[in-house]
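J.: My questions all concern the structure below.
There are 2 protein chains.
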Amino acid sequence: MDKILIVGLGLIGGSYAKGLTKMGYNVYGYNRNKDAIDYAKKNKIIIDGSSEFTEDFIGEFDRIIFSLYPKVFKEYIEKYGSFIKKGAIISDVTGVKESIVTDIQNILGDSVEFIAAHPMAGKEVYGIENADEKIFENANYIITPTKKNTDKGIAFATEIGEALNFRKISLLTPKEHDEMIAFLSQLTHCIAVALMTCKDSEDLVNYTGDSFRDLTRIANINENMWTELFLMNKSALLKEMDSFINCMSKLRDFINNEDEEKIKNMMRLSTERRKYFNK
Amino acid sequence: MDKILIVGLGLIGGSYAKGLTKMGYNVYGYNRNKDAIDYAKKNKIIIDGSSEFTEDFIGEFDRIIFSLYPKVFKEYIEKYGSFIKKGAIISDVTGVKESIVTDIQNILGDSVEFIAAHPMAGKEVYGIENADEKIFENANYIITPTKKNTDKGIAFATEIGEALNFRKISLLTPKEHDEMIAFLSQLTHCIAVALMTCKDSEDLVNYTGDSFRDLTRIANINENMWTELFLMNKSALLKEMDSFINCMSKLRDFINNEDEEKIKNMMRLSTERRKYFNK
């Protein structure tokens, strides 16, 4: 039962493989591009792997973790879902849940259990060359079971989260997960991108202090992955964007009207709420 | 010429006093509340001080730095400007410039030179008890001379910036300073306050990663100081807020229309511009 397949050896899949190998799992890998397989074998991140998604190879595993972009993940399950061994449990690392979990569970039917999970970790670099299992140490790991999931499925996802040494493992519904991600992660990336693009600020670099740097660190963004994540969580994200734009506009109007008390009240609420987030 | 008076022994004034004392200056202090004077004397941050702003005390100094909120600074100059010794040079630490520099220079006339400066440093705590001259080490120091200033005045402000070991000392016009501050500092504080207040996020604290914490660190805000700074830089700040709200709204519409190419182009520009700000 310590044999596990990671599908997709990018930054996250590679970091999973590294961490699980360190914990004594027998880790195998699939990756479309053979270079990543060669690199992973050479560096003892996996025991063996394949760059071809064949029934012979895939059908051997009782446990598989898909580390792919959400749309590609869905495509693989549509095309190759039948290759997966009956009775196997599969999981994922996808950053959106509502738009994929039920669909994938429906495609797989009763013979394979899909338990969705989201490691809330990352780096601003890509590829297995940058894989690093330490990115999970201070991060959250969210499992999003549905009614179709069993205790055995949830136990598998939990085991992976524990083996990778996440700071905190939580259970949320796919909907709760997507609302949380829309606010805490997607909205913050939208804000960083808007701030970075609303002014040609190159000549200001010499005057930049910590606050501007803090707010724009995530403005260095993988446009393919994040566009996909935004669009797959569109309605939850638009709700948070509208609510934020509305708050910015209110503050703008308070300043325009020189309404000192309303500005100060907003700042007091801000200070009070921020206290919960002090580490 | 190493005798210097700091007016206002709060966090910034106290940190100035500490740093200048360390560099061998003979530092004296004025503070309305006597406790800060007692603390500063006891801790050898100043040689001596007064909690009364009298002509006898003030008139002794050739160099004075006012570390007060902008409106209070203006009030002190209006009421007590005539106490300052003829030929003295005074400076400040105020975070807005256009709305105070010319006014104060006009009140003082030709007998006292006011050279404005802004140490772009701070902490989320207050008072001389938290004074720490190290906050200047990685910070910028901006001198904003006008036509009324002399080389001698600029040299004094520069000397203070060097003595306090700022990372970089720059000269800007008051207008350039205020535009830069509106974007890099005031807009970022507005964003943090809006983000922190647009949702009751207390139940999300367990899922919060670095990006949300980075964007809201400055949401813990001194409402009296920042409201004053925002209103004294109103037109420059409103311009930046409008431009940012416009960019957020554009991104919102691209997502609503599922216009992938436009979202990706915005993210590419964001990534490209962020590179200039990598330390």
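Chains as they are written, first to last, in my numbering: chain A, 25 to 303; chain B, 25 to 303. A virtual CB, placed ideally from N, CA and C, is assigned to each residue, including glycine. Computed from a predicted model, the values in this text were never measured in an experiment.
What does a CB cutoff of less than 6 Å around T197 (chain A) pick up in its chain, not counting 5 residues either side in sequence?
T.: Within the same chain, T197 (chain A) has no close Cβ partners at all.
J.: Quick check on DSSP: helix, strand or coil for N50 (chain A)?
T.: Strand.
J.: I believe S235 (chain B) touches I205 (chain A) by the beta-carbon criterion, under 8 Å. Please report the beta-carbon distance rounded to the nearest angstrom.
T.: In fact, because the Cβ distance is near 11 Å, the residues do not count as touching under 8 Å.
J.: Which residues in the same chain as Y231 (chain A) place their Cβ atom closer than 6 Å to its Cβ, once the five residues preceding and following it in sequence are excluded?
T.: Cβ within range, chain order: n/a, list empty.
J.: Determine the direct distance from the alpha carbon of V51 (chain A) to that of R87 (chain A), and round the result to whole angstroms.
T.: One C-alpha to the other measures close to 10 Å.
J.: Measuring alpha carbon to alpha carbon, tell me which of B:F180, B:Y54, B:N67 ends up nearest S115 (chain B).
T.: When each option's Cα is compared against that of S115 (chain B), the closest is B:F180.
J.: Using only alpha-carbon positions, find the residue among B:S225, B:S273, B:I124 that is nearest to E102 (chain B).
T.: Selected option, being the one with the closest Cα: B:I124.
J.: Output the residue ranges of the beta strand (DSSP E) runs that lie fully inside the region 169 to 224 of chain A and measure 3 residues or longer, sorted by chain position.
T.: Segments of the beta strand (DSSP E) lying fully in the region 169 to 224 of chain A: 192 to 195.
J.: Please list the terminal residues of the continuous beta strand (DSSP E) segment that includes D26 (chain A).
T.: No beta strand (DSSP E) holds D26 (chain A); DSSP gives it neither H nor E.
J.: Measure the alpha-carbon distance for A140 (chain A) versus V117 (chain A) and round it to whole angstroms.
T.: Going by the C-alpha atoms only, they are around 7 Å apart.
J.: Can you say whether N281 (chain A) is buried or exposed, counting buried as having 16 or more other CB atoms within 10 angstroms of its CB?
T.: Classification for N281 (chain A): exposed.
J.: With distances taken Cα to Cα, identify the nearest neighbour of M47 (chain B) among B:F81, B:K158, B:T168.
T.: The candidate whose alpha carbon is nearest that of M47 (chain B) is B:K158.
J.: Quick one: is T306 (chain A) buried, meaning 16 or more other Cβ sit within 10 Å of its Cβ, or exposed?
T.: Nothing about residue 306 (chain A) can be reported from this structure: the residues present for chain A run from 25 to 303 only.
J.: With F77 (chain A) and Y104 (chain A) assumed to form a contact (beta carbons below 8 Å), what rounded beta-carbon distance in angstroms separates them?
T.: So it is a contact: roughly 6 Å between Cβ atoms.
J.: Closest to K286 (chain B) by C-alpha separation, out of A:E247, A:L239, A:T212, would be which residue?
T.: The shortest C-alpha separation from K286 (chain B) is found at A:E247.
J.: Identify every run of the beta strand (DSSP E) within the region 55 to 131 of chain B, keeping only runs that are complete inside it and at least 3 residues long; order them along the chain.
T.: Taking only runs of at least 3 residues, the beta strand (DSSP E) segments lying wholly in the region 55 to 131 of chain B are 72 to 74, 87 to 90, 113 to 116.
J.: Output yes if chain A places a C-beta closer than 8 Å to the C-beta of F81 (chain B); else output no.
T.: So, not an interface residue.
J.: Under 8 Å, with one C-beta from each stretch per pair, do the region 179 to 194 of chain B and the region 138 to 154 of chain B reach the 3-pair mark?
T.: Yes, they touch.
J.: Does the beta-carbon distance from K172 (chain A) to Q210 (chain A) come in below 8 Å?
T.: Result no, Cβ atoms of K172 (chain A) and Q210 (chain A) do not sit closer than 8 Å.
J.: Can you give me the Cβ contacts of V217 (chain A) inside the same chain, cut-off strictly under 8 Å, excluding the 5 residues immediately before and after it?
T.: So the qualifying residues of the chain are A243, I245.
J.: In this structure, what does DSSP give as the bridge partners for N244 (chain A)?
T.: DSSP lists no partner for N244 (chain A).
J.: Taking 8 Å as the CB-CB limit, is S273 (chain B) close to chain A?
T.: Closer than 8 Å to some Cβ of chain A, the Cβ of S273 (chain B) qualifies, so yes.
J.: Per DSSP, which one or two residues make a beta bridge with F268 (chain B)?
T.: DSSP lists no partner for F268 (chain B).
J.: Can you give the Cα-Cα distance for C271 (chain A) and Y54 (chain B), rounded to whole angstroms?
T.: So the two alpha carbons sit approximately 40 Å from each other.
J.: Is Y150 (chain B) helix, strand or coil when you go by DSSP?
T.: It is coil, neither helix nor strand.
J.: Which of the residues in the region 120 to 131 of chain B, read from start to end, lie with their CB under 8 Å from any CB of chain A?
T.: The region 120 to 131 of chain B vs chain A, Cβ under 8 Å: nothing.
J.: Any heavy atom of the ligand NAP within a distance shorter than 7 Å of the CB on G43 (chain B)?
T.: Of the ligands one can find in the structure shown there are none, so the ligand NAP has no counterpart to examine.
J.: Check distances from the C-beta atoms of the region 81 to 109 of chain A to those of chain B and list, in chain order, the residues that come in under 8 Å.
T.: Residues: none.
J.: Please list, in chain order, all residues of the same chain as G151 (chain A) whose beta carbon is under 8 Å from its beta carbon, the five residues on each side excluded.
T.: If we look at G151 (chain A) and ignore the five residues flanking it on each side, its Cβ neighbours are G34, L35, G38, A60.
J.: Quick check on G233 (chain B) - is its C-beta less than 8 Å from some C-beta in chain A?
T.: Output row for G233 (chain B): interface = yes.
J.: So that I know if they touch, is there some Cβ in chain A lying closer than 8 Å to that of N230 (chain B)?
T.: Yes, contact with chain A.
J.: On the three-state DSSP scale, how would you describe V136 (chain A)?
T.: Coil, per DSSP.
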